[in-house]
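Per my numbering, the very first residue in the sequence shown carries number 619; after that it's consecutive.
The beta carbon of each residue, even a glycine, is placed where N, CA and C say it ideally should be.
Okay, so here's the structure we're looking at.
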Amino acid sequence: MSDSDLASTSLEDVEEALKDVIDPELGVNVVDLGLLYGLKYAEDGALLIDMTLTTAACPLTDVLEEQTAQALDGVVDEWRLNWVWMPPWGPDKITDDGRDQMRALGFNI
Numbered sequence: 619m620s621d622s623d624l625a626s627t628s629l630e631d632v633e634e635a636l637k638d639v640i641d642p643e644l645g646v647n648v649v650d651l652g653l654l655y656g657l658k659y660a661e662d663g664a665l666l667i668d669m670t671l672t673t674a675a676c677p678l679t680d681v682l683e684e685q686t687a688q689a690l691d692g693v694v695d696e697w698r699l700n701w702v703w704m705p706p707w708g709p710d711k712i713t714d715d716g717r718d719q720m721r722a723l724g725f726n727i
């Protein structure tokens, strides 16, 4: 893939790649947990990722940032992660697939 191809990777492909980023506490990917609040390209071509956590006190931002870097390696050239807290995350943001994954892990949801 050339650099120009990486710069124009579709947001759907980016979202699919981010399904490899697994919340270490819950064992479900950040997309299906509903932690991914937004994806867009900045004027400089960098991918801007708005993401939240299940709680603002979560100590795992470094782990999620490292997983994001691995998931996006070879998918986009440059990205920036913006931690957002509004609106606050809630279980209502979990996708149907995320609920199925959580049930499979033993969560009662």
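Q: For M669, write down the residues that DSSP places opposite it in a beta bridge.
A: Assignment of beta-bridge partners to M669 by DSSP yields L654 and W701.
Q. Is it buried or exposed for L723, if we count other Cβ within 10 angstroms and need 16 for buried?
A. Exposed.
Q) Looking only at its own chain, which residues have a Cβ that is under 6 Å from the Cβ of E696, when we skip the five neighbours before and after it? A) Within the same chain, E696 has close Cβ partners A664.
Q: Hey, could you find the ends of the alpha helix (DSSP H) V632 is sitting in?
A: Start and end: L629 to L636.
Q | Selection from D714, A660 and D680 that minimises the alpha carbon distance to V639 | A | Nearest of D714, A660 and D680 to V639, Cα basis: D680.
Q) Looking only at its own chain, which residues have a Cβ that is under 8 Å from the Cβ of V693, when we skip the five neighbours before and after it? A) Taken in chain order, the residues that qualify are L624, T627, D631, V632 and A635.
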